[in-house]
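What follows is one structure encoded as structure tokens, with my remarks underneath.
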Amino acid sequence: MNILLILPILIPLLTAISSLLAWRNRSLQRVFSTTGACALFGVSLALFAVVWQDGVQASQMGNWPAPFGITMVADLFSALMVVLTGLTGLGVVVYSLAAIDPERESFGFHALMHFLLMGVCGAFLTGDIFNLYVWFEVLLISSFVLLQLGGEKAQLEGAIKYVTINLVSSALFLTAIAILYGMVGTLNMADLAVQLKSADRQEMLTTVSVLFLLAFGIKAAIFPLFFWLPASYHTPPAPVSAIFAGLLTKVGVYALVRVFTLMFVQQSEQLSRLILVAAGLTMTTGILGALVQNDFRRVLSFNLVSHIGYMIMGLGLFTPLALAGTVFYTIHDVLVKTCLFLVGGIIYRLRGTYKLSKLGGLYQARPVVAVVFLVPALSLAGVPPLSGFWGKFILIKAGLDRQAYLMVAVALVVGLLTLYSMAIVWSEAFWKRAPDDRQAEAPLLPTAQLHSRLLYFIPVGVLACLMVLIGALPEPFYDIAGRAAEQLMNPTDYVRTVLGRLP
10 MNILLILPIL IPLLTAISSL LAWRNRSLQR VFSTTGACAL FGVSLALFAV VWQDGVQASQ
70 MGNWPAPFGI TMVADLFSAL MVVLTGLTGL GVVVYSLAAI DPERESFGFH ALMHFLLMGV
130 CGAFLTGDIF NLYVWFEVLL ISSFVLLQLG GEKAQLEGAI KYVTINLVSS ALFLTAIAIL
190 YGMVGTLNMA DLAVQLKSAD RQEMLTTVSV LFLLAFGIKA AIFPLFFWLP ASYHTPPAPV
250 SAIFAGLLTK VGVYALVRVF TLMFVQQSEQ LSRLILVAAG LTMTTGILGA LVQNDFRRVL
310 SFNLVSHIGY MIMGLGLFTP LALAGTVFYT IHDVLVKTCL FLVGGIIYRL RGTYKLSKLG
370 GLYQARPVVA VVFLVPALSL AGVPPLSGFW GKFILIKAGL DRQAYLMVAV ALVVGLLTLY
430 SMAIVWSEAF WKRAPDDRQA EAPLLPTAQL HSRLLYFIPV GVLACLMVLI GALPEPFYDI
490 AGRAAEQLMN PTDYVRTVLG RLP
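Just so you know, the sequence shown maps onto residues 10 to 512 in the working numbering.
Put into structure tokens, the structure is as follows:
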């Protein structure tokens, strides 16, 4: 058994249990939470290094041979997603030490955060389609409780919308699994990749693939299934919004890429036009929604929806370069969205509001906050030489190679509109004078608690530096994305490692 495949699940589980046992001791909860987050990030890097050097890794739980037992498996794409989970989890946990109020900490914030990380890592590492459903439910339950933790009216309203639509998604997902199992009699994804190639009733497989597209499309927030996201992601505290924006929709994107490159390869070619249409409409409707918002986090939520379209675009084009663009853009988007939502939390701590009309003067009063906002904002818009430029460049090049000129035009226009939406935020929150010519603001934290100030700025600073690094040195990250795309397009190693035989 490869222990590195188990530790990204075991570490958050033990951390969450330890935090629950320290229920009455907030300081001990913080120690457990930070230590667990550091350990998860370290283990994720070790797993990625092993997969990069030695290829796809797999373990059979209980020594039951595949496809009869539960399989944990990591290729480059899943190992990379675990690294991003560890990185964002660590950043958000450190930030939350200053940003989360004592009441939420006392009612299980740290335990819930690590249960969420456990579910996300499990979804990335499972090799079984039913266990993918199980891990989805784990992260759904913990995210639902995190969303409403605090019991504010807006949180409860957002949580109800969030859980209702995700329960619909889970029902579709489970229905698709049941039909698939009835057709081929297996749930192991590598075995499904073999069985579905020669399965009868291909038209039924197309129907099942559409069910998976709907189920994962809801979780990824693609058009027209995204309306729950901007209605809920702006309601919880900034660390919760940040981890949701950075990771949860990416689990849906990962699941779409996994099933349509491994299991439904023939169907992905048939559905490529539908996926491209959904990608274009997701980009367009998301950015148009962002342009009419007056709330900082709702602007970010609609931009989050819009840029899911870029990742889905790579899947719809379905070429090695396009999938490399999807992987590269996913790295970029996780960093950018997490950083922007954390910056939003700093702005709220300074001014006590997310309303753009009530903000202003931050550039003059807090230039450091202006800088840590400007870097991810420009990266989100695709301004060179930041990470977002290269992600868009790869996808647009792939679109031109496939002669998908309309899709390319939509992607370019949405990029310009994204820049415009970020310019509006910059103008309203940073550049204009504060309302009523007042520059008064609440102190970020008492001067005596300088270390707590650092807890706010270190995570956003590190994420912003990573965007600059990826933009300045894109080659190593493109190499990672390219190799991951090759494995996705040619899953022979994945199947052989899991089953011990070639397809």
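Cβ coordinates follow ideal geometry from the N, Cα and C atoms, glycine included.
The model shown is predicted, which means the values in this text are computed figures rather than measured ones.
Euclidean distance between Cα positions of residue i and residue j
i, j, result
"L454", "Y465", "Interpretation of L454 is limited by its pLDDT of 48, a score under 50 that renders its predicted location unreliable; the figure taken from the coordinates is listed afterwards. About 10 Å."
"G136", "R442", "54 Å"
"P329", "I403", "11 Å"
"G507", "L426", "For the record, residue 507 in the displayed sequence is Val; it is not Gly. Computed Cα separation, rounded: 44 Å."
"K367", "C474", "29 Å"
"L497", "Q211", "22 Å"
"A493", "L85", "5 Å"
"V434", "P385", "13 Å"
"A457", "L463", "Unreliable positioning characterises A457 in this predicted model, as indicated by a pLDDT of 39, which lies under 50. The coordinate reading is nonetheless provided below. Whole-angstrom Cα-Cα distance: 12 Å."
"L37", "Q276", "51 Å"
"H243", "K406", "34 Å"
"R307", "A299", "7 Å"
"A3", "S250", "One cannot answer for residue 3 here, as it falls past the ends of the chain, which runs 10 to 512."
"L149", "F253", "11 Å"
"F232", "A287", "6 Å"
"F486", "P444", "43 Å"
"A229", "D63", "31 Å"
"Y142", "V129", "11 Å"
"R35", "E278", "52 Å"
Which listed residue (the options) has its alpha carbon closest to that of residue i
i, options, result
"L14", "L29, M70 and W237", "M70"
"S396", "E484, D410 and P376", "E484"
"F311", "V60, Y190 and L234", "L234"
"D488", "G334, R505, A386 and Q164", "G334"
"L413", "L49, G78, S68 and G323", "Before going on, a small fix: residue 413 reads as Ala here, not Leu. A413 has its Cα closest to that of G323, out of L49, G78, S68 and G323."
"V52", "N11, G64, P76 and F77", "N11"
"L309", "G325, G255, R505 and R411", "G255"
"L125", "Y104, V147, L181 and F139", "V147"
"V343", "L359, G361 and Y319", "Y319"
"R267", "A163, N197 and A230", "N197"
"I79", "S68, L158, L89 and S87", "S68"
"V60", "F50, L332 and S87", "S87"
"G1", "A287, D110 and V286", "The chain is shown from 10 up to 512; residue 1 falls before or after that span and cannot be answered."
"A490", "H341, T501 and P376", "H341"
"R113", "V471, R360, P500 and P245", "P245"
"Q302", "F327, E437 and M127", "E437"
"N72", "G64, M81 and V65", "M81"
"F327", "P376, Q62, N499 and F50", "N499"
"T347", "A432, V471 and G361", "V471"
"L428", "I188, L176, A199 and S315", "S315"
"I174", "W144, M213 and I227", "I227"
"V101", "Q66, F350, G128 and L478", "F350"
Own chain, CB closer than 6 Å to residue i, minus 5 neighbours either side, in chain order
i, result
"V219", "none"
"V352", "V381, F382 and V469"
"I355", "V378 and Y465"
"S3", "What the structure shows of the chain is the stretch from 10 to 512, and residue 3 is not part of that stretch, so it cannot be assessed."
"F273", "S218"
"F221", "A185 and V268"
"T215", "Q276"
"S105", "P248"
"I411", "It should be noted that the sequence gives Arg, not Ile, for residue 411. L326."
"G509", "none"
Contacting residues, own chain, Cβ-Cβ under 7 Å from residue i (five flanking each side not counted)
i, result
"A240", "G167 and K170"
"V193", "L201, Q204, L205 and A208"
"V419", "G289, M292 and T293"
"A481", "P394"
"Q448", "Residue placement at Q448 cannot be trusted, given a pLDDT of 47 that sits under 50; what the coordinates show is reported in the next sentence. G370 and A374."
"N140", "I79"
Rounded Cβ spacing between residue i and residue j (contact assumed at less than 8 Å)
i, j, result
"L409", "V422", "Not really, about 15 Å apart at Cβ, beyond 8 Å."
"L271", "Y503", "7 Å"
"G400", "F337", "5 Å"
"L365", "F305", "6 Å"
"H131", "I18", "For the sequence presented, residue 131 should be read as Gly rather than His. Sure, about 5 Å apart at Cβ, within 8 Å."
"Y372", "Y363", "Not quite, the Cβ-Cβ distance comes to about 18 Å (not below 8 Å), so this is no contact."
"V103", "L56", "At roughly 22 Å, the Cβ-Cβ gap does not stay under 8 Å, so V103 and L56 are not in contact."
"T195", "P76", "5 Å"
Contacting residues, own chain, Cβ-Cβ under 8 Å from residue i (five flanking each side not counted)
i, result
"D446", "For D446, the predicted model reports a pLDDT of 48, less than 50, meaning its position is unreliable; a value from the coordinates is still stated below. Closer than 8 Å at the Cβ level, and outside the excluded window around D446, lies no residue."
"C47", "L99"
"A224", "S178, S179, L181, F182 and A185"
"E495", "P329"
Proximity test, residue i beta-carbon vs the ligand ZN heavy atom, cut-off 7 Å
i, result
"G354", "Looking at this structure, you won't find the ligand ZN or any other ligand, since it has none at all."
8 Å Cβ cutoff, residue i in contact with chain C
i, result
"F305", "Structure shown: chain C not included; a single protein chain is present."
- Message: Below 8 Å, how does it come out for the segment 116–132 and the segment 23–31: are there three or more Cβ pairs, yes or no?
- Response: yes
- Should the segment 295–313 be regarded as contacting the segment 261–278, the criterion being three or more beta carbon pairs within less than 8 Å? no
- Item | Stretch-stretch touch, CB-based, cutoff 8 Å, three pairs: the segment 386–400 with the segment 272–288 | no
- Message: With three or more C-beta pairs closer than 8 Å as the rule, is the segment 82–97 touching the segment 151–163?
- Response: no
- Task: Would you check if the segment 21–28 and the segment 41–55 touch, i.e. whether three or more CB-CB distances between them fall below 8 Å?
- Result: yes
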